[in-house]
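Undergrad:
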Amino acid sequence: MAKDRCTHCKLIFDTNSMIKTDNGIFCCNGCKNVYEIIKNNGFEEFYSRLGNNNLNPAKNSNLIESNLENLYKNYVTRKDGFNQISLIIEGIHCSACIWLNEKILFSTRGILEVNINSINNKATILWDENETNLKEILTKINSIGYKALVYDSSKEDTILNAKRRDFYIKLLVGIFALMNIMWIAIAQYAGYFSGMDKDIKDILNFAEFILASPVLFYTGGSFFNGFKIALKTKTPNMDMLVATGASLAYFYSIYAMFSRKAEVYFDSVAMIITFVFIGKFLEVLSKKRASDTLDTLNSMVLNEVNIKTEGKIISKNIHEIMVGETIVLKAGDKVVIDGIITSGEASFDCSSLSGESIPITLGPSDELKSSSVCLDGCIEYKATSEFKNSFLNKIINLIQNSSSNKPNLQQLANKIASKFSLTILIIAIFTFFFWFLKSDFQTALVIAISVIIIACPCALALATPVSTLVGIGAGLKNNVIFKQSKTIETLAKCDTIVFDKTGTLTKAKLKVDRFEQINDINLELIASLCKTSKHPVSVAIFEFLKQKNITSNINLTNIKEISAKGVMANFNNKTLIGGNKKFLQENGTTINSNQNSTEYFVAFDKVLVAKFSLSDEIKEDAKSYIEKLKKLNLDIYMLTGDNEITAKKVANQLGIKNIKYEMLPDEKANFISTLNKNNKKVLMVGDGINDAIAMSYSHVAICMGSGSDISLEKSDVIILDDSLKSLTKAILISKKTMSIIKQNLFFSLSYNALTIPLAVMGFIIPLFAALSMSFSSIIVILNSLRIKKSKE
């Protein structure tokens, strides 16, 4: 029966059942249609990129129209005015598949960004809804033979747990078989010295064969899968070395068992696989420990919450909660959606993200952030955001995406490891022929296997990712989120730190020291104006007026907030302005003031009506941690929009010599840009909207967790508890991580440089080679775990 390859998927089929066209022969209509789409779009380069890899036959799939509304509602988010969604693309096998998916998506009108993660096949897509839609995006992916599923973190956690269980079972099989093989091996070694009947020896050899087989093919299955990938991608890896060495020892032992001409090495096979697998097991444990905080956050995400509607309390899916709905909380409930308390009073544990161990009591009008837990009492609160935009969900998404970009050192180590594996295979082949000519086949094979097994690209490949992973985990436990693993390397190299004053060095909880009403004005107008702004000055004045029982219910129109200047609005066709002296003067108001403190002026119809004098407290630990940062050889600058007197007062108290005051957002950005031109590696720390531009110019941007949404988005690192202690810890963790990475790389390269020549000279048997390789990986992992003990 004649057979041929499908032009698209490259699999072999019976020619009688294939579809023949002018373009080629295809196993099914799915493959034919996909090929035509790829050709018509000019993407034939995909097949050259595919190389010898095979694909699964393409399937024609129909989208469920009724499901699109649910996807838009629960999984599509808004970013910069465009729609964004995260998908898992099934069927991706290699870099060629990623290339094709990105090409077909980018060729679609309206798609602005496509980023596909090669590790988990997660695709993040940004598009303009006015030009395309989700149905067309999903149709495009399905049309080329892949299947797009919505990314759901809770489902991913279930999949990971299943993989862990499979990993544990394989490990138990390996350990059980190895322990029994060792008892048999002891009996054989004893018989070697005291004498043993050949029939007994054959029985023991066969028993070892039975026990070693599941270890090699079941426990070692992951190594063979890695071997296949190495062959397909033509990039030798550590799995290729392990699979090759163990297989050679296994099949040689079968030959020795039946020929009775040589000794068997089934015990070495079991040890090679089991010990290397234990190294992988420890790697999984280190990843699990590093992601403990993320597991804790994911466990807080409930499927349903209780809402109050028409006097009744019902359960509702968190993805269906709308802004303005009333949510009911009782003791023990977790807050998963942000809101404002409308009635009741209760104590809340906010330690999961803020690190604050002391419960806080909240009541009516207090803001309630997701991630906290109600300890006692019963409250009702109005949702101020949907779940997808809640603080908790934003933090979880940031953490889950934190390892998307690899550090430069990891990319270098991966390149070395891939070439290293091929080099070892070549050395092993030459070693075999050398010893075969010098001695005999058995000796040559055993020494060649030892060379393959003792070489450890595994330790080299683990040197950076495990350290980075532990660094991210250590950060989480110290209220620090590294949004990308690459940030750790960049942060460790920073030599200059630039602080915004308010909210970073000071508490950002301003208080009104003095209030002066200059002309007649309804104070409710001022309260209503300040209520529209989240700037610390406006918030402080609003709270001051609120304590004087002044309401803020006046409706203002054309409200505009100008960064670092103030707020303006219209009332009865007249302009109401609140802000600093310069802002009001620019808008036609005459002001006479020496400005010896932070002052806030209010003008109505260009007439000055009120003046507020405010002061801000320095954080208790600010001075001590500024000193610690100086000891880390960091040049420290302070930028602020405040006046000279206020700025110098704070700088003198903290011992900061380099200060810039009365700076607008663009001026801060220009200052950062100047530092960059002077070859400075700049770390910018801020928390407000006016810091966002400067942050984008810095090498690393750190945002305090209470900062504005735009600052959180522009930042590389987030300090959840707003403390300088955690900021210092972040810098120390980054420096410790880079130090450990360098130690790991040095150890891995030194280990291989020392042990490989010994193996080539025949001084190391396969058993000790397996132990030595596993031991080197364990040392790298244990050394990486030292990052957790970073001290101030």
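Last residue of the sequence shown: 1103 in our numbering, with the numbers rising by one and none dropped. We treat Cβ as the ideally placed atom computed from N, Cα and C, and that holds for glycine.
1. With 8 angstroms as the threshold, decide whether the Cβ of A803 is near any Cβ in chain C.
2. Measuring only the C-alpha atoms, how far is V781 from I799?
3. Determine which residues share a DSSP beta bridge with S924 and list them.
4. Rounded to whole angstroms, what is the Cα-Cα separation between C689 and K641?
5. Starting from D510, trace the beta strand (DSSP E) in both directions and tell me its first and last residue.
6. Report the CB separation of L282 from S658 in whole angstroms; it is logged as a contact under 8 angstroms.
7. Please classify Y576: does DSSP put it in a helix, a strand, or coil?
8. Hey, how far is the Cα of T900 from the Cα of T843?
9. Take V996 and list the residues in its own chain whose beta-carbon comes closer than 6 angstroms to its own, dropping the five residues that flank it on each side.
10. Would you mind sorting K451 into buried or exposed? The rule is 16 or more other CB atoms within 10 Å of its CB.
11. Please tell me whether I808 and I632 are closer than 8 angstroms, where the distance is taken between their beta carbons.
12. Assign L834 to one of three DSSP states: helix, strand, or coil.
13. Can you tell me which of S839, T734 and F577 puts its alpha carbon nearest to the alpha carbon of V526?
14. Assign E667 to one of three DSSP states: helix, strand, or coil.
15. Looking only at DSSP bridge pairs, what is C685 linked to?
16. If you draw a straight line from the alpha carbon of L483 to that of I497, how long is it in whole angstroms?
17. In chain order, which continuous runs of the beta strand (DSSP E) of length 3 or greater are located wholly inside the region 730 to 808?
18. Does DSSP put K451 in a helix, in a strand, or in coil?
19. Report the rounded CA-to-CA distance for K414 versus N426, giving the unit in angstroms.
20. What is the DSSP secondary structure of A642, reduced to helix, strand or coil?
21. Across the region 821 to 841 and the region 922 to 937, are there enough close Cβ pairs to call them in contact, namely three or more that are closer than 8 angstroms?
22. Determine the burial state of D831: buried for a count of at least 16 other Cβ atoms within 10 Å of its Cβ, exposed for fewer.
23. Any idea which residues DSSP pairs F810 with across the strands?
24. Classify F894 as buried or exposed, calling it buried when 16 or more other Cβ atoms lie within 10 Å of its own Cβ.
25. In the DSSP output, which residue or residues are listed as bridge partners for C1014?
26. Which same chain residues end up closer than 7 angstroms to F417 when comparing Cβ atoms and leaving out the 5 residues on each side of it in sequence?
27. Using the beta-carbon count (16 or more within 10 Å), is T985 buried or exposed?
28. Is there contact between the region 865 to 879 and the region 832 to 842, where contact requires at least three CB pairs shorter than 8 angstroms?
29. In this structure, how does DSSP classify M551 when only helix, strand and coil are distinguished?
30. Going along the chain, which residues of its own chain have a beta-carbon closer than 6 angstroms to the beta-carbon of Q395, five neighbours each way excluded?
31. Assign W746 to buried or exposed, taking buried as 16 or more other Cβ atoms, counted over all protein chains shown, within 10 Å of its Cβ.
32. Determine the direct distance from the alpha carbon of W410 to that of G270, and round the result to whole angstroms.
33. For I403 versus Y457, is the C-beta spacing smaller than 8 angstroms?
34. Do you know how far the Cα of N790 is from the Cα of Y1008?
35. With distances taken Cα to Cα, identify the nearest neighbour of F915 among K645, K960, T909 and G889.
TA: In short, the structure shows the following:
1. Note that chain C does not occur in the displayed structure, where there is just one protein chain.
2. 11 angstroms
3. R825 and E910
4. 4 angstroms
5. Where D510 is concerned, there is no enclosing beta strand (DSSP E), although the alpha helix (DSSP H) it sits in stretches over K509 to P525.
6. Residue 282 falls outside the range modelled here, since the chain spans only 312 to 1103, and no answer is possible.
7. coil
8. 22 angstroms
9. F810, T815 and I1013
10. buried
11. no
12. helix
13. F577
14. Because E667 sits at a pLDDT of 45, beneath the cut-off of 50, its placement in the model cannot be relied upon, and the following sentence gives the value as read from the coordinates. Note: E667 maps to coil in three-state DSSP.
15. F659
16. 21 angstroms
17. 791 to 793
18. helix
19. 11 angstroms
20. coil
21. yes
22. exposed
23. M949 and V996
24. buried
25. G997 and I1029
26. V425
27. exposed
28. yes
29. helix
30. T388 and L437
31. buried
32. The question about residue 270 has no answer here: the residues shown for the chain are numbered 312 through 1103.
33. yes
34. 24 angstroms
35. G889
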